[in-house]
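Chemist: Numbering (the working numbering), first residue to last: 10 to 351.
Every residue gets a Cβ at the ideal spot worked out from N, C-alpha and C, and that includes glycine.
Would you mind keeping the following structure in view while I ask a few things?
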Amino acid sequence: MIDLRSDTITKPTKEMREAMVHAEVGDDVYREDPTVNQLEDLAADILGKEAALFVTSGTQGNQIAVLTHAKPGDEMIIEADAHIFYYEAGAVAALAGVQTRTIAGKRGKMPIEAIRQAIRGVDIHLPTTAMIALENTHNRAGGAVIPPDYMKEVYQLAQAKNVPVHLDGARLFNASVALGIDVKELTQYVDTVQVCLSKGLSAPMGSILAGPKDWIEQARKWRKRLGGGMRQAGLMAAPGIIALTKMVDRLEEDHHLAKQLANGLAQIEGIKIDIDTVETNIVLFDVQSTGLTAEEFLSSLKNKGILGSAFGEYVIRLTTHREITEKDIFVTLEKIAEIIKG
Ligand code: TLP
């Protein structure tokens with residue numbers, strides 16, 4: 010199978026598995042796991058924040074961020090297609106009791122003026138705007154890169170209104186690699202950030218939540234409450250260290266393959282794609298004019314040995330990652346053309 014469903018499917022490298030076997034461990038709830046401590050210090054340093062916390066998943070990291078920034082009855086401003094709103098099983102409502110004020114964005118960017126208007130004033134009738142959430146790269150916008158100048162504008166507005174900004178940076182390194190800038194140039198414009206180790210960076214699990222020291226202390230308590238105190242977690246932190254130190258630069262290869270795929274798709278009649286929107290490792294395209302829905306198209310594709318994800322009634326997402334080769338891209342294009350020919 011050529012599995013283009015997600016970069017989450019990447020398995021740990023041999024080096025990661027070896028690091029797991031040899032990892033020094035201790036009880037991380039007592040903060041005695043040296044490998045977890047090393048990962049957290051390293052991540053804080055890379056992300057330019059005072060402290061970091063190793064959490065089980067991107068979803069857990071984002072939800073701990075919401076729980077730590079906001080209290081029940083508060084409101085968060087978030088892009089209408091953002092993962093925290095769209096794909097976290099309603100956790101913001103179920104766990105934090107926070108209401109979402111969604112704003113439709115363009116390529117993942119909410120209009121600055123709309124954010125400004127959405128920030129609540131002080132009035133007994135109104136909820137408190139407890140946070141603004143950004144997502145970079147933006148998944149449902151097709152891996153769109155949110156540039157630093159936009160993030161700066163949001164941050165300046167938020168700071169003027171005393172509202173913290175959280176960044177869902179599940180694929181933040183894809184953004185920094187695509188922009189050719191240090192990741193700190195992006196994280197300087199947010200108070201807190203979540204980055205995934207388990208996507209293109211290929212660690213088997215885990216995310217990092219980073220921010221101010223006292224905030225991370227509160228987040229650590231929320232992680233415990235949620236059952237995320239992981240004891241000898243150094244086994245899982247060890248591949249995370251490799252993810253951060255050795256796997257970032259390789260994301261460029263995923264971006265290159267995604268561009269190849271997009272260019273190939275643009276040549277196939279019946280496929281609608283805007284190749285300019287392919288900035289990182291995610292490719293979205295529309296199959297409506299083939300007469301098939303995304304699900305129908307994907308089921309034919311599966312019969313030909315290729316897996317993808319539906320991202321709308323007629324929209325398909327294909328995601329490149331470490332386990333995809335140039336040959337896989339050629340085969341995928343060939344099979345897609347075959348389906349359309351019928
Ligand atoms: N995204 C997954 C699915 O949940 C859709 C994927 O295959 O892309 N933020 C963003 C922007 C994400 O894309 C994801 C995962 C998460 C958070 C959640 O990370 P995990 O899966 O570790 O909870």
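1) Buried or exposed: which applies to residue 31, given that a residue is buried once 16 or more other Cβ atoms fall within 10 Å of its Cβ?
2) Hey, would you say the C-beta of residue 68 is under 7 Å away from at least one heavy atom of the ligand TLP?
3) If the criterion is Cβ atoms closer than 8 Å, does the pair residue 157 and residue 198 meet it?
4) Starting from residue 256 and walking both ways along the alpha helix (DSSP H), at which residues does that stretch end?
5) Helix, strand or coil: which one does DSSP assign to residue 350?
6) Using a Cβ-Cβ cut-off of 6 Å (strictly less than) and excluding sequence neighbours within five positions of residue 44, which residues of its own chain qualify?
7) Please look up how many angstroms separate the CB atoms of residue 301 and residue 317, rounded, as I've assumed it's under 8 Å.
8) Would you grab the beta carbon distance between residue 329 and residue 272 for me? Rounded to a whole angstrom, and I think it's under 8 Å.
9) Buried or exposed: which applies to residue 135, given that a residue is buried once 16 or more other Cβ atoms fall within 10 Å of its Cβ?
10) In the stretch 142–212, which residue ranges form an unbroken alpha helix (DSSP H) of at least 4 residues, counting only runs that do not cross its ends?
11) Going along the chain, which residues of its own chain have a beta-carbon closer than 6 Å to the beta-carbon of residue 355, five neighbours each way excluded?
12) Just grab the DSSP bridge partners of residue 30 for me.
13) Determine, using beta-carbon pairs with one atom in the stretch 203–211 and one in the stretch 66–82, whether at least three such pairs fall under 8 Å.
14) Report buried or exposed for residue 131, applying the criterion of at least 16 other Cβ atoms within 10 angstroms of its Cβ.
15) So who's on the other strand from residue 219, going by DSSP bridges?
16) Are there any heavy atoms of the ligand TLP lying less than 7 Å away from the beta-carbon of residue 211, as far as the coordinates show?
17) Measure the C-alpha to C-alpha separation of residue 211 and residue 18 and round it to an integer number of angstroms.
18) What's the call for residue 341, buried or exposed, on a 16-neighbour Cβ count within 10 Å?
19) According to DSSP, which residues form a beta bridge with residue 73?
20) Determine the burial state of residue 234: buried for a count of at least 16 other Cβ atoms within 10 Å of its Cβ, exposed for fewer.
21) Where does residue 124 land, buried or exposed, given buried means 16+ other C-beta within 10 angstroms?
22) Going by Cα to Cα distance, which pick from 252, 283, 258 is closest to residue 26?
23) Based on DSSP bridge pairs, tell me the residues matched to residue 84.
24) Distance, Cα to Cα, residue 195 vs residue 174?
Modeler: Taking the geometry as given:
1) exposed
2) yes
3) yes
4) Here residue 256 belongs to no alpha helix (DSSP H), and DSSP marks it neither H nor E.
5) helix
6) 32, 33, 243, 246, 247
7) Actually they are not in contact, since the Cβ atoms of residue 301 and residue 317 sit about 13 Å apart, beyond 8 Å.
8) The pair is not a contact, with the Cβ atoms about 13 Å apart (cut-off 8 Å).
9) exposed
10) 157–169, 181–188, 193–196
11) Any answer about residue 355 is impossible in this case: the structure gives the chain only from 10 up to 351.
12) Residue 30 is not bridged to any residue.
13) yes
14) exposed
15) 61, 202
16) no
17) 8 Å
18) buried
19) According to DSSP, residue 73 bridges with nothing at all.
20) exposed
21) buried
22) 252
23) 108, 138
24) 12 Å
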